[in-house]
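From first to last, the protein sequence lines stand for chains A and B. Residue 401 in the numbering used here is what sits at position 400 of the first sequence, and the numbering runs on without skipping anything. Residue 168 in the numbering used here is what sits at position 167 of the second sequence, and the numbering runs on without skipping anything. By construction, the Cβ of each residue, glycine as well, lies at the ideal position given by its N, Cα and C atoms. Since the structure is predicted, the reported quantities are computational estimates derived from the model, not experimental observations.
2 protein chains.
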Amino acid sequence: MSTTAFKSYIEENQDRFLEELFDLLRIPSVSTDSKFQQDVRRTADFVKERLLEAKVDKAEIVETEGYPIVYAEKMVDPSKPTVLVYGHYDVQPADPYELWKSPPFEPEVRDGKIYARGASDDKGQMYMHVKALETMIVNDALPCNVKFMIEGEEEVGSSHLAGFVKDNREKLQADVVLISDTGIIDNENPSITIGLRGLSYMEVEVTGPRIDLHSGMFGGTVANPVNVLCRMIASLHDEQGRVTIPGFYDKVAELSDEERSEINRAPQDDEKYKQELGVKALAGEDGYTTMERIGIRPTLDVNGIWGGYTGEGAKTVLPSKAYAKISMRLVPNQHPDEIDELFTKHFESIAPDTVQVKVTPHHGGEPAVVPTDSPAIEAAKKAFQDAWGKEPFLTREGGSIPIVSLFQKELGIDSLLMGFGLDEDAIHSPNESYGVFNFLKGIETISLFYQHFAKV
Amino acid sequence: MSTTAFKSYIEENQDRFLEELFDLLRIPSVSTDSKFQQDVRRTADFVKERLLEAKVDKAEIVETEGYPIVYAEKMVDPSKPTVLVYGHYDVQPADPYELWKSPPFEPEVRDGKIYARGASDDKGQMYMHVKALETMIVNDALPCNVKFMIEGEEEVGSSHLAGFVKDNREKLQADVVLISDTGIIDNENPSITIGLRGLSYMEVEVTGPRIDLHSGMFGGTVANPVNVLCRMIASLHDEQGRVTIPGFYDKVAELSDEERSEINRAPQDDEKYKQELGVKALAGEDGYTTMERIGIRPTLDVNGIWGGYTGEGAKTVLPSKAYAKISMRLVPNQHPDEIDELFTKHFESIAPDTVQVKVTPHHGGEPAVVPTDSPAIEAAKKAFQDAWGKEPFLTREGGSIPIVSLFQKELGIDSLLMGFGLDEDAIHSPNESYGVFNFLKGIETISLFYQHFAKV
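This is the structure in structure tokens:
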């Protein structure tokens, strides 16, 4: 099948492709919130049905103790290479709802972008694979074997994926895991991700007095847990923007000058970046560029904080409790379990005796780097060259896809991180979007990848 | 009328008195939250009706631009002294509701305590005055003139009381303002409050990036407003527990050794205090006792903080905004307007250029001290002696009743702070309560006060 032929097929069917994606986006598959439980399950069924329609050999719902995994396969010839597509059908919570210009679960196209929760992360990106596969199969052009493994718990730490992978090592055998859950630099500068940060995510609870008190009657005599929590959080960074937890940097892989200059080769305009983010100044660890701060340096961020009265008006309460969700992005060779432990030990040690603290780790994830000399990277480079007319940059992203290290460890397979998102997609934020261009170009690039990968 | 006679009247009618109070407590008159608007107004009507039933000469609802003021009077003889009773019929918000053992607006007596929002602050205490007046009038024993001024905006800064007072200087003329919105040390150690702290209450908003971001994709390159807010809040105290805002202590009245030892004469058991609060250690400004920290030293407390994701599970957001409600308790001669300004200037000055801050003052209140050699204090001491068999301590409380300085300024009248609450009442907290003993003993003490005050 010629490049032109399946480009035409994508063009001719683009309206239907988008309509199907919209149907997928309409289901609020928020895995972190149990009230969406039925919706998450419905989404798995939806994905399975669309895969069957794409004429795979088989597609099945595999139950886990959490949300099910959708597995499908299309085997064309055992002697040909096999691609294992990974994606997820669950999405982040959509709140705060009031900041969305159109409702998060009613997809809408404005200025060439699809607005909806999950538009980019990861329904839009995952669905490109379903449509690329359909394109190849319908046009009788699929040159290799394809397996799909689409989970529903990525946003809650992929709790049951490891078990599934361990139980199905044979079934999942492949030459590469293909994942579209990352981004490109921009539509003029396509790129392939070769590194991802890991994650350690903690929840802390600081208790002062056993009940909420009147801040007038008691203020000044007893520790206020919010003030204490603020002081503790403030102490987690030094003046150079470094994390102060003892041992935090011990295992951080230091890169060679050559590697650092490769990272800084990617176009990055700090002025434009500031403008896009709406800030007067950037921040971060002294001595590193923006690309390095994202790609190769670990961080610590508060993802949420709450305590006391947060409603309208003024309430003079001295709260009993204060809470925060604090996460750390990890780089090779930091390990989430070790960082969880270092954090817990340190956080408990800095608590004054006027309060009690409780530290609970949420899911973590390993950082990952993928080899840059693999057949998959070679095929991907060619696919980008064909579809975009440019060789892609090789970049390190700041986000986490913890399952990349799982696949390396359990299946012995490297991943190819070929995502088509943009920074402006606002994933995990209100008004998440995904470019119609990126969706269709992604389908094209993936299809081309199959052709090249079968040959290398 | 003999002491015994009206003691009997109170005893005979106590069930009805309590039932009426329960009806009052059932109306959720939360003035800080506009959704309770109709309930707040209904409460004013309720108070007016009960005053009419107590056979005052007149009782009226006086409209303001906010919630109305209930005014009533019973004039027995223009040549006799006049007492102006002040109280409030509005209450604090009841959230978090889930921490209440019984619903906040369904009063319930357990172990001799009435549990409900407003049970102590101030419906229970205010209603003692309605019932004390009824007791005196019904028994034809009222020896002086009594006026009532009960407002519905105390918990939102008494926004329209000043206007009412200025417009009604003549009508409100009296020899003393009698207020029961404070407490006693405990039921073995009755006390009269002679000092109150003032209040400056600020809301701050810190903005980092213009939208919520993915903490992986952006973490480490841009300031996180929660981390910045924590750092700013942490810097507001030094290691000695002193507030670091420049000029904050400039006007603080330093007390003589004699005054300090008078304050420390009141029984205060730090061990018991810690136990009651459920803390291992107390906190506060170095160099001062607990009684001094409450009574004569200013403070800064976070009353509420929020930002980012605060729901169930883990969301990897780098928030756009973080907020806090921060209040300062003031002592003589600090002024809320000046402190608002000092705070605002300082808070803006410590903001790094990676964020934008907005500071908004809520209502404030002046600190107050009342003279200890007035006829009212003399009469109150005698009333306590009769009712409790003990001379009351003279104490300074940590809370604020901003209107005390208003009455001094606009009417030239000092206030007598004769409240009967206990620390354990948990006002402004879940499970607020008021002792049945305190309610009834309060009615008795107030009635005795009228008798003594008419004579001094």
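Hey, A/Thr208 and A/Lys322 are a contact pair by Cβ (cut 8 Å); roughly how many whole angstroms apart?
5 Å
Let me know the secondary structure DSSP gives A/Thr222 once reduced to three states.
coil
Beta-carbon of A/Arg294 versus every beta-carbon of chain B: anything under 9 Å?
yes
To the nearest angstrom, how far is the alpha carbon of B/His238 from that of A/Phe438?
53 Å
Selection of the segment 293-314 of chain B by Cβ proximity to chain A, strictly under 7 Å:
Arg294, Ile295, Arg298, Thr300, Asp302, Val303, Asn304, Gly305, Ile306, Trp307, Gly308, Gly309, Tyr310, Thr311, Gly312, Glu313 and Gly314
Please specify which runs of the beta strand (DSSP E), each continuous and at least 3 residues long, are wholly inside the segment 348-427 of chain B, giving them in chain order.
357-362, 394-397 and 416-418
Residue span of the beta strand (DSSP E) that contains A/Val147, given as start and end
Asn146 to Glu152
Should the segment 274-291 of chain A be regarded as contacting the segment 174-182 of chain A, the criterion being three or more beta carbon pairs within less than 8 Å?
no
Using a cut-off of 9 Å between C-beta atoms, extract the partners of A/Gly113 located in chain B.
Residues of chain B passing the Cβ test: none, with the nearest at roughly 19 Å.
Please confirm if the segment 348-361 of chain B is in contact with the segment 132-140 of chain A, defined as three or more CB-CB distances below 8 Å between the two stretches.
no
Taking the C-alpha atoms as reference points, what is the distance between A/Asn265 and A/Glu286?
16 Å
In chain order, each alpha helix (DSSP H) run of at least 4 residues that lies wholly inside the segment 193-265 of chain B
216-219, 226-235 and 258-264
For the alpha helix (DSSP H) holding A/Asn439, just list the boundary residues, first then last.
Val437 to Lys456
Using a beta-carbon distance cut-off of less than 9 Å, what residues from the segment 337-368 of chain A approach chain B?
Pro353, Asp354, Thr355, Val356, Gln357, His363 and His364
With a threshold of 9 Å between beta carbons, is A/Val139 in contact with chain B?
no
Candidates A/Met150, A/Gly308, A/Asn140 and A/Leu200, of which the one nearest A/Thr206 by Cα:
Inspection of the sequence shows that residue 206 of chain A is occupied by Glu rather than by Thr. Looking at the Cα atoms, A/Gly308 is the closest of the given residues.
Does B/Ala235 get closer than 9 Å to chain A when you measure Cβ to Cβ?
yes
B/His89 CB to nearest chain A CB: under 9 Å?
no
At least one CB of chain B closer than 9 Å to the CB of A/His238: is that the case?
yes
When we look at the beta-carbon of B/Arg118 and count the other beta-carbons within 10 Å, is it buried (16 or more) or exposed?
buried
Can you tell me whether DSSP reads B/Gly184 as helix, strand or coil?
strand
List, in order along the chain, the chain B residues whose C-beta lies closer than 9 Å to that of A/Lys281?
Asp354, Thr355, Val356 and Gln357
Tell me which residue opens and which closes the alpha helix (DSSP H) that A/His89 is part of.
Element bounds for A/His89: not the alpha helix (DSSP H) but the beta strand (DSSP E), Thr83 to His89.
DSSP three-state label for A/Asp46, please.
helix
Roughly how many angstroms separate the alpha carbons of A/Glu74 and A/Asp424, rounded to a whole number?
32 Å
Strictly by DSSP, which residues pair up with A/Ser190?
In the sequence as displayed, the identity of residue 190 of chain A is Asn instead of Ser. A/Asn190 is bridged to A/Asp187.
Relative to the C-alpha of B/Met233, which residue among B/Gly199, B/Ser401, B/Ala60 and B/Val360 is closest?
B/Val360
Just to make sure I have the definition right: I need the residues of chain B whose C-beta is within less than 9 Å of the C-beta of A/Asp34. Which are they?
Gly312, Glu313 and Gly314
Taking just the CA atoms, how far does A/Lys442 sit from A/Phe394?
17 Å
Count the other CB atoms within 10 Å of the CB of B/Gly158; is the residue buried (16 or more) or exposed (fewer)?
buried
Indicate whether A/Phe149 and A/Ala6 have their beta-carbon atoms separated by less than 9 Å.
no
At the 9 Å Cβ level, is B/Ile212 part of the contact set with chain A, yes or no?
yes
Are B/Leu162 and B/Glu152 closer than 9 Å when you measure CB to CB?
yes
Is there contact between the segment 213-222 of chain B and the segment 368-377 of chain B, where contact requires at least three CB pairs shorter than 8 Å?
no
Proximity below 9 Å, CB of A/Val166 to CB of A/Asp91:
no
Under a CB-based cut-off of 9 Å, is B/Asn432 close to chain A?
yes
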